[in-house]
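Presented below is the structure to which this report refers.
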Amino acid sequence: METISPQQLQLAVDDAAAKSSASAQDIDMADASEKPSFGPLSGAQLKSGKIEMRRIPIPPHRMTPLQKNWIKIYTPLTENLQLQVRMNLKSKCVEVRTCEDTQDAGALQKAADFVKAFALGFEIADALALLRMDDLYLETFEVKDVKTLHGDHMSRAIGRIVGKDGKTKYTIENSSRTRVVVADSKVHILGTFQNIKVARDAIVRLILGSTPGKVYSQLRIVSARQKERF
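Following our numbering from start to finish, the sequence shown increments by one per residue and tops out at 258.
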């Protein structure tokens, strides 16, 4: 019987390991060459194929402004987003739906946000930014969510938010680059996520009783930081 020296045994083991590694590499290369390549999908391909629809309720006090500005609302939705839109006077809502010409998969959500912003009281020029930019959001909260107030205390808190001739509200808007609507005891803010936080913090401080002067100084500090960042 032939004896195998330790050196021969080690050479045989090394040779087997090398062959195993080479075969594994060949398999990996074969798998890589056989991997399917998928290109980016278009907006039309992302659609589910069925007609989607949204109903956006309109408050009674906003129906008259809606009728007066209907062409300004209708035009960008039909021409830019390729959606079908109609005003339902019976149910007091705006109905939006996709069609075969709709290319953007997110067009329906953008249209709903746009109409909702107008229904909440924002100007059309401000609400149109929701159609042009992807990083804008709407946030709504009530004064009682911050602090429970009644009667004259509620009126004074709302007065501090708005200020004389709207000065405080305009200052918050310009400093935080947002748009603010105060409707009864509700506050609506339109802007980017970070800017909404700045405006909300300022409004919360006013509700809690801070004087406009203190809020102005805090806004100046935040505004200066934002300018340094950019």
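Ideal placement from N, C-alpha and C gives every residue a C-beta, glycine not left out.
- For residue 112, the three-state secondary structure derived from DSSP is strand.
- Among the bridge pairs identified by DSSP, residue 121 is matched with 85 and 116.
- The beta carbon of residue 124 lies closer than 6 Å to those of 82, 111, 113 and 139 in the same chain, with the five residues before and after it left out.
- In the DSSP assignment, residue 217 is bridged to 167 and 208.
- In the same chain as residue 104, and ignoring 5 residues on each side of it, the C-beta atoms closer than 8 Å to its own belong to 142, 156 and 159, in chain order.
- Using a Cβ distance threshold of 8 Å, residue 235 and residue 185 count as a contacting pair.
- Annotation: residue 240 to residue 117 spans about 42 Å, alpha carbon to alpha carbon.
- Judged by their CB atoms, residue 218 and residue 150 are nearer to each other than the 8 Å cut-off.
- Between the alpha carbons of residue 204 and residue 137 lies a gap of roughly 25 Å.
- In the structure shown, residue 191 falls within a coil segment according to DSSP collapsed to helix, strand and coil.
- Beta-carbon to beta-carbon, residue 210 and residue 232 are separated by about 14 Å, too far to satisfy the 8 Å threshold.
- Closest option to residue 207, judged by alpha-carbon separation, among 129, 115 and 146: 146.
- Just so you know, the alpha carbons of residue 90 and residue 65 end up roughly 51 Å apart.
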